[in-house]
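Remarks on the structure that follows.
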Amino acid sequence: MAGSGQIRQLRRRIRSVKSTQKITRAMEMIAASRIVKAQRRVQQARPYAEQITEVIKGLAVSGEVREHPLLTLHEQVPRVAVVVNTSDRGLAGAYNANVLKVAERTIRDEEAAGREVDLFIIGRKGDGYFSYRGRRARSRWQGISDTPSIDAAAEVAQTLMDRYAEGLYARVWVVYTDFRSSFVQLPVRMELLPVKPEEFAGGREIAPEFLFEPSQQQLLDRLIPRYVEAKVFHSLLESSASEHAARQRAMKSATDNASDVAGKLNRVMNQARQDQITTEISEIVGGAEALSQGA
Numbered sequence: 378m379a380g381s382g383q384i385r386q387l388r389r390r391i392r393s394v395k396s397t398q399k400i401t402r403a404m405e406m407i408a409a410s411r412i413v414k415a416q417r418r419v420q421q422a423r424p425y426a427e428q429i430t431e432v433i434k435g436l437a438v439s440g441e442v443r444e445h446p447l448l449t450l451h452e453q454v455p456r457v458a459v460v461v462n463t464s465d466r467g468l469a470g471a472y473n474a475n476v477l478k479v480a481e482r483t484i485r486d487e488e489a490a491g492r493e494v495d496l497f498i499i500g501r502k503g504d505g506y507f508s509y510r511g512r513r514a515r516s517r518w519q520g521i522s523d524t525p526s527i528d529a530a531a532e533v534a535q536t537l538m539d540r541y542a543e544g545l546y547a548r549v550w551v552v553y554t555d556f557r558s559s560f561v562q563l564p565v566r567m568e569l570l571p572v573k574p575e576e577f578a579g580g581r582e583i584a585p586e587f588l589f590e591p592s593q594q595q596l597l598d599r600l601i602p603r604y605v606e607a608k609v610f611h612s613l614l615e616s617s618a619s620e621h622a623a624r625q626r627a628m629k630s631a632t633d634n635a636s637d638v639a640g641k642l643n644r645v646m647n648q649a650r651q652d653q654i655t656t657e658i659s660e661i662v663g664g665a666e667a668l669s670q671g672a
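First residue of the sequence shown: 378, per the working numbering; consecutive thereafter.
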């Protein structure tokens, strides 16, 4: 028989579940609003990246672009860099787990080829994951994954470019999550450095009436690093949008699950109350019959 104590306990559990449901619903709505902002930032950053690429393509027709240190191959260097882009906060479903799987696969591939791997980690989740497994990062950045800025992207890119230009790495990988839609986000890896001359192929030669000040080579020296920064910024923005989309789905699932749990607890509580009422009625009827027989 269900007692009053059990019913009170069920009521407390229902209130707790409903309070959790309010929190998850609020987090779902916040994540949904941030997805829109993140998508808008991706679209706003795209024209800059496209235009700087077109300018470099025009300058690259002369062939001088091949002399830039960020295009130099370091095939004999037995070390690579892997940048892992994760989030600072959790409650985003499998978002971090998926990107970390790609990072682990990239590390295994490079180590199988006989190269050492230096880690550069963006986000607390990636830092905690690799620290727990005994892998120390060369550099780590936190507090930039939620709303990336161009300054943060420039800092990350400059660190990588400086070390690559010094000849420390054969290549630099960036592992991030590509935002395809609110329902599809794919963890991918991009070879950031060396910059491939093929990326600037197909450009049209800049008209001869243009006068360059400074020279074409000086322009390339300044524009190619900006191009690398734009690629890093793009990966940060894509990861940010993916994180918010993953968190929205996770919170929606949690909200739906809380609703199901509250419904089941309500049914259990109603059954317990019915059992209690039935028992009380039976006791009353039994007592009345005993009194009538005694009379």
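Every residue gets a Cβ at the ideal spot worked out from N, C-alpha and C, and that includes glycine.
Identify every run of the beta strand (DSSP E) within the stretch 440-466, keeping only runs that are complete inside it and at least 3 residues long; order them along the chain.
-> 456-462
Is there contact here, the stretch 552-567 with the stretch 471-486, by at least three beta-carbon pairs under 8 Å?
-> yes
Helix, strand or coil for Gln519 per DSSP?
-> coil
Please look up how many angstroms separate the CB atoms of Ile429 and Ala607, rounded, as I've assumed it's under 8 Å.
-> 6 Å
Reference Arg517, options Ser636, Thr463, Asn643 and Gly491, closest by Cα = Thr463
Inter-residue spacing [alpha-carbon to alpha-carbon] between Asp637 and Arg388 | 15 Å
Alpha helix (DSSP H) segments (min. 4 residues) lying fully within the stretch 500-562 | 501-509 and 527-542
From Arg626, Lys399, Ile658 and Asp652, residue whose alpha carbon lies closest to that of Leu410 = The residue you asked about is not Leu; residue 410 is Ser in the sequence shown. If we check each option's Cα against that of Ser410, Arg626 comes out closest.
Helix, strand or coil at Arg423 according to DSSP, with G and I counted as helix = helix
Element boundaries [alpha helix (DSSP H), containing Leu468] | Unbroken run through Leu468: none, as it is neither H nor E.
Starting from Glu488 and walking both ways along the alpha helix (DSSP H), at which residues does that stretch end?
-> Tyr472 to Ala489
In the structure shown, what three-state DSSP assignment does Arg390 receive?
-> helix
Can you have a look at Ser630 and say buried or exposed, based on whether 16 or more other CB atoms are within 10 angstroms of its CB?
-> exposed
Since Arg624 and Ala480 are thought to touch, with beta carbons under 8 Å apart, how far apart are those beta carbons, to the nearest angstrom?
-> Contact doesn't hold; Cβ gap of about 20 Å is too wide.
Local conformation of Val565 per DSSP, three classes | strand
Using three-state DSSP, classify Val609 as helix, strand or coil.
-> helix
Helix, strand or coil at Val662 according to DSSP, with G and I counted as helix | helix
Could you check the C-alpha separation between Leu642 and Leu468 for me, to the nearest Å?
-> 25 Å
To the nearest angstrom, how far is it from the Cα of Ala422 to the Cα of His611?
-> 8 Å
Three-state secondary structure assigned by DSSP to Val494 | strand
Which residues in the same chain have their Cβ closer than 8 Å to the Cβ of Thr536, if we skip the five residues on either side of it in sequence?
-> Phe497 and Ser516
Can you tell me whether Ile484 is buried or exposed, with buried defined as 16 or more other CB within 10 angstroms of its CB?
-> buried
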